[in-house]
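For reference, the structure is listed below as structure tokens.
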Amino acid sequence: MIGFLQQLHPIVQALLAGLFTWALTALGASTVFMTKEIDKKILDTMLGFAAGVMIAASYWSLLAPAIEMSEGLGVPVWFPPMVGFLLGGIFLGGIDKILPHLHLGFPIEEAEGIKTSF
1 MIGFLQQLHP IVQALLAGLF TWALTALGAS TVFMTKEIDK KILDTMLGFA
51 AGVMIAASYW SLLAPAIEMS EGLGVPVWFP PMVGFLLGGI FLGGIDKILP
101 HLHLGFPIEE AEGIKTSF
């Protein structure tokens, strides 16, 4: 199978890879049509898995390269990534306070953020 894919033009390879990921995304998204409600344990498991994937992605794609790049700056290697991490957390906390949103299972009257007409 890999040999077949290696013989294809790179644009065709990219098209096939894009179609493959689109199909898997559509398949995963289509699960919402199968049930009206999701069990809280299943939802918690899925959210925990997604959080773990995002933490791993943030480390391997952002923090590890930042630590490696900060080796020649004359500051501790952990300092620039820590500053970026803290600034990102502060930014997300600010966005959470500003943008209107509603937590799962809460009544519409308890929406947080700035008040809007929608």
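Oh and the sequence shown: position 86 is 86 in this note's numbering, straight run, nothing missing. Heads up, the beta-carbon is just placed ideally off N, CA and C, and yes, glycines get one too.
Compute the Euclidean distance between the alpha carbons of residue i and residue j, then round it to the nearest angstrom.
i	j	result
residue 27	residue 73	46 Å
residue 91	residue 54	17 Å
residue 78	residue 50	26 Å
residue 52	residue 44	12 Å
residue 41	residue 8	44 Å
residue 69	residue 60	13 Å
residue 13	residue 6	8 Å
residue 38	residue 32	9 Å
residue 2	residue 23	19 Å
residue 63	residue 93	20 Å
DSSP three-state call for residue i: helix, strand or coil?
i	result
residue 112	strand
Would residue i and residue j qualify as a contact pair, given that the criterion is a beta-carbon distance under 9 Å?
i	j	result
residue 84	residue 66	yes
residue 111	residue 102	yes
residue 113	residue 99	yes
Classify residue i as buried or exposed, calling it buried when 16 or more other Cβ atoms lie within 10 Å of its own Cβ.
i	result
residue 81	buried
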